[in-house]
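Below is one structure; the comments refer to it alone.
Residue numbers (our numbering): 731 to 954.
Next up, the structure:
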């Protein structure tokens, strides 16, 4: 059993206090680059942090409904040697500053710096790096999120794959970031089955119309 409390050196979390053991609630795990913020190739400069359209408004809405919010992000740039953890933390601090100013700070962000082809290898690297379930499980555990009523929003099929592997209710694939890359939408939709729902939206702004505080996310058919 891999511990969700002792993170390996290639995984970083800014969690300040765990809610593990408290009553569970619904929640959302967000991918970062291309979802909450505009995709910037291997982002390492805090000055380049820019929110995607609708990010702050959507975060405020779900938080006001009592949903927990966390971020899970693969950071291959660390494994590739493009930047280090200090640079990552500077970018993360800038994003936290922006979200706090907007009145919608997330509760925790976890980042995986492992990559199967680059950098230092770890036997549990594939568990932590999406589409592995590790980061989603970490946030579900420490933010006291109920997997049966929690969702992940991402721009890659691998994001949604991690949610499915973690036993979450479903995932929403966006067309921002890498969402329009060849095959991404199709691969994301193909993950759907009787226990994992996949919805499609253009952006977080469009997710506003799908969100129902009591029932989670509804497809267009559900809302008719």
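Where is the CB? At the ideal position from N, CA and C, for every residue including glycine.
Asked: Cβ-based neighbour list, residue 840, same chain, cut-off 6 angstroms, excluding 5 preceding and 5 following; Found: 743, 802, 865 and 868
Asked: Closest by C-alpha distance to residue 895, when choosing among 860, 884 and 912; Found: 860
Asked: Close-in-space but distant-in-sequence residues of the same chain around residue 931 (CB under 7 angstroms, 5 per side omitted); Found: 902, 904, 937 and 940
Asked: Straight-line gap, residue 773 to residue 838 (C-alpha atoms, nearest Å); Found: 19 angstroms
Asked: Which listed residue (806, 829 and 943) has its alpha carbon closest to that of residue 855; Found: 806
Asked: Residue range of the unbroken alpha helix (DSSP H) whose run includes residue 839; Found: Element bounds for residue 839: not the alpha helix (DSSP H) but the beta strand (DSSP E), 838 to 842.
Asked: Contiguous beta strand (DSSP E) assignments of at least 3 residues, all confined to the segment 866 to 937; Found: 875 to 884, 900 to 904 and 927 to 931
Asked: Residues sharing a beta bridge with residue 802, DSSP; Found: 840
Asked: Residue 790 to residue 834 span [Cα, whole Å]; Found: 5 angstroms
Asked: Straight-line Cα distance separating residue 942 from residue 785; Found: 17 angstroms
Asked: Coarse secondary structure for residue 741, derived from DSSP in three states; Found: strand
Asked: Beta-bridge partners of residue 845, as assigned by DSSP; Found: 848
Asked: Cβ-Cβ distance between residue 893 and residue 759 below 8 angstroms; Found: yes
Asked: Span of the beta strand (DSSP E), counted from its first residue to its last, around residue 857; Found: Here residue 857 belongs to no beta strand (DSSP E); instead the alpha helix (DSSP H) covers 855 to 858.
Asked: Straight-line Cα distance separating residue 918 from residue 906; Found: 14 angstroms
Asked: Cβ shell of residue 914 (< 8 angstroms), same chain only, five flanking positions each side left out; Found: 885, 886, 887, 903 and 908
Asked: Buried versus exposed call for residue 953 [16 or more other C-beta atoms within 10 Å across all chains shown]; Found: Note that residue 953 has pLDDT 40, beneath the 50 cutoff, so the model's placement of it is unreliable and no number is given.
Asked: Rounded distance between the beta-carbons of residue 873 and residue 757, thought under 8 angstroms; Found: 6 angstroms
Asked: Buried versus exposed, by CB contacts within 10 Å (16 or more), residue 762; Found: buried
Asked: Residue 853 classed as buried or exposed, judged by whether at least 16 other C-beta atoms fall within 10 angstroms; Found: exposed
Asked: Of the residues 875, 817 and 811, the one placed nearest residue 847, counting alpha carbons only; Found: 811
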